[in-house]
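Reading through the structure tokens given below for one structure.
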Amino acid sequence: MWRKFVLFFLVAAGIGFYAYQNHQETSQTPSVRSVAVNEQYSATISPGELPPEAIETLQVIKKGPPFPYTKDGTTFGNREQLLPRKPDGYYREFTVKTPGISHRGARRIVVGQQGELYYTDDHYQTFREILAE
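Read left to right, the sequence shown gives residues -19 to -1, 1 to 114 (mature numbering (1 follows the signal peptide of the UniProt record, and there is no 0)).
Below, the structure is given as structure tokens:
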């Protein structure tokens, strides 16, 4: 009898802990995401404010392939939905070189099919829309 009680207690405690953790994660997610989305849509940057390497990347994009990085020109999934929602395959990503590092780094330009341009310097955490000159 004692074994059954201990087993029942452990199972009930595990289920309760799981339910509590799951509730904590789901109740916090929407507020975090809504802040990021709101900040995202209000942020812009003019071409003159971009780092020189981003200007170079814009020139590479205009010129077309071949691109310097193998991931350049590949689909950007917008999984975090920080950019306006569009069909899959709508956005393409391009690396903005970061001086002093040997890998791709965190900086990117994302291009939409209608020519919209977005810059991120923190690996897709935030975006700024690049204004037309």
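Heads up, the beta-carbon is just placed ideally off N, CA and C, and yes, glycines get one too.
Please report the distance separating the alpha-carbon of residue 52 from that of residue 112.
Distance between the alpha carbons of residue 52 and residue 112 is about 24 Å.
Below 8 Å CB to CB, which residues in the same chain sit around residue 41 once its five sequence neighbours on both sides are set aside?
Once the five neighbours on either side are set aside, the close Cβ partners of residue 41 are 48, 49, 53 and 75.
Which partner residues does residue 90 have in the DSSP bridge list?
Answer by DSSP bridge pairing, in chain order: 75 and 100.
Can you list, in chain order, the residues of its chain whose CB lies under 6 Å from that of residue 56, leaving out five sequence neighbours each side?
Around residue 56: 70.
Which residues mark the beginning and the end of the beta strand (DSSP E) in which residue 51 is found?
Segment: none, residue 51 is in no beta strand (DSSP E) and carries neither H nor E.
Can you tell me whether residue 89 is buried or exposed, with buried defined as 16 or more other CB within 10 angstroms of its CB?
Classification for residue 89: buried.
Taking residue 38 as part of the alpha helix (DSSP H), name the residues at either end of that continuous run.
Start and end: 33 to 44.
Judging by CA-CA distance, which residue of 79, 43 and 65 is the nearest neighbour of residue 33?
Closest option to residue 33, Cα to Cα, is 79.
Distance check for residue 110 and residue 25, CA to CA, integer angstroms please.
Rounded to the nearest angstrom, the two C-alpha atoms are 5 Å apart.
Have a look at the DSSP bridge pairing and note the partners of residue 111.
Per DSSP, 26.
Can you tell me which of 103, 106 and 73 puts its alpha carbon nearest to the alpha carbon of residue 97?
Among 103, 106 and 73, the Cα nearest to that of residue 97 belongs to 73.
Only counting the same chain, and skipping five residues up and downstream in sequence, which positions put a Cβ closer than 6 Å to that of residue 37?
So the list is empty, once near-sequence residues are dropped.
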